[in-house]
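Using this note's numbering, you'd call the opening residue of the sequence shown number -16 and step up by one each time. Structure, as structure tokens:
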Amino acid sequence: MNFSDEEIQRYARHILLPEVGGTGQEALKNANVLVIGAGGLGSPVALYLAAAGVGRIGLVDDDVVDLSNLQRQIAHVTDRIGQLKVESAAIAMRAINPGTRVDCHNVRLTADNARALVRQYDLVCDGSDNFATRYLVADACALEERTLVSAAVLRFEGQLSTFRSGGPCYRCLYPEAPPAGTVPSCAEAGVFGAVTGVMGTLQATEALKEILGIGESLSGRLLVWDALAMRFHTITLPPDPDCALCGAHPTIHDLSAHDGPAPALCGVPEGAAP
């Protein structure tokens, strides 16, 4: 281990865990994670990854902090309304852990930059708010052989899964986006603020487990949470042999088809503040 006395004190509760210990904490220090969005899901993900001691975290978001974000996007505060979300979130992350390097990518994820951004990191956390971005992230991760931890929320419900290289992938779960207008956005349907906190924290937990190689992965499973009923259930997700991305005969080799409009789910990044 190559830790200062301050780092040993900071991560003492981790180091005490047999599943983590000094070796695991060093793995976290050497890890790098890309977080797509700095909103409702991205806020708790980024804050908990920084607190856990992940050495390098990239944030992708082209939006600014809006008053309507503060009901759930806990990385931001009233005094930073109008500031770039990546910069606001970075301030919060560095306040928690100045030892974490934060890379601010103030861009919208597109077919032109997705693979290059994903390629720079070992693991990606996505909670984006529209299907076009979700497929873009999922395809880029599959093509670059990066593990993806993906979450989504709407109203009082959330979903979470992990997609590793080799499948099953996001397209095994959702081969195609639903027709436009069939899934409302959070701006249209609303979202309970604390639900994003729970799902984002679960997403961070799964990301940390993947880095540490501990526990049972959500790869091949979809976790669904109904907050009103306080009920979790898990759905088995088998690989699809005919999947266009990870199947026996994949057909997707470029990302140029991802720029069209698609219906929204609530997550991050939030291009228009709901």
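All C-beta atoms in this analysis are idealised placements derived from N, C-alpha and C, irrespective of residue type, glycine included.
Environment of residue i [buried if 16+ CB atoms lie within 10 Å]
i: Pro244; result: Note on Pro244: pLDDT 37, under 50, position unreliable in the model; the coordinate value appears next. Classification of Pro244: exposed, given that the 10 Å Cβ count is below 16.
i: Glu193; result: buried
i: His59; result: buried
i: Gly36; result: buried
i: Glu9; result: buried
i: Ile218; result: exposed
i: Ser51; result: exposed
i: Met213; result: exposed
i: Ile(-9); result: exposed
i: Ala(-5); result: exposed
i: Tyr104; result: buried
i: Arg91; result: exposed
i: Glu189; result: buried
i: Thr116; result: buried
i: Asn(-15); result: exposed
i: Pro161; result: exposed
i: Gly267; result: Since the displayed the chain opens at -16 and closes at 257, residue 267 lies outside it and no answer follows.
i: Asp112; result: buried
i: Gly183; result: buried
Endpoints, the alpha helix (DSSP H) within which residue i is located
i: Gly183; result: Gly176 to Leu195
i: Asn13; result: Gly4 to Asn13
i: Ala99; result: Ala97 to Arg102
i: Ala75; result: Lys68 to Ile79
i: Ser26; result: Gly25 to Ala35
i: Gln(-8); result: Asp(-12) to Arg(-7)
Per DSSP, cross-strand counterpart(s) of residue i
i: His216; result: Val207
i: Ile19; result: Val43 and Asp109
i: Cys298; result: For the chain, the structure presents residues -16 to 257; residue 298 sits outside this window and is missing.
i: Ser202; result: Thr145
From the options, residue whose alpha carbon lies closest to that of residue i
i: Val178; options: Trp208, Leu(-1) and Leu131; result: Trp208
i: Asp86; options: Ile40, Thr219 and Ala227; result: Ile40
i: Gln186; options: Gly25, Ala97 and Leu11; result: Gly25
i: Leu211; options: Asp49, Thr145, Arg138 and Tyr157; result: Arg138
i: Gly65; options: Val48, Leu53 and Ala73; result: Val48
i: Arg204; options: Gly183, Leu131, Tyr118 and Pro221; result: Pro221
i: Glu(-11); options: Thr61, Leu119, Pro81 and Val69; result: Pro81
i: Val69; options: Gly22, Glu171, Arg117 and Ala123; result: Gly22
i: Gly196; options: Pro167, Arg(-7), Asn(-15) and Pro1; result: Pro1
i: Arg55; options: Gly230, Val174, Ser200 and Gly20; result: Val174
i: Leu119; options: Ala94, Ala29 and Leu100; result: Ala94
i: Glu127; options: Glu159, Pro158, Thr165 and Val107; result: Val107
Near the ligand FAD: residue i beta-carbon under 7 Å from a heavy atom
i: Val107; result: Annotation note on the ligand FAD: not contained in the displayed structure, which lists no ligands.
is_contact[residue i, chain B] using C-beta, thresh 8 Å
i: Thr165; result: Note that chain B does not occur in the displayed structure, where there is just one protein chain.
Taking only runs of the alpha helix (DSSP H) that begin and end inside the region 109 to 168, which ones reach a length of at least 4 residues, in chain order?
-> 114 to 126 and 153 to 156
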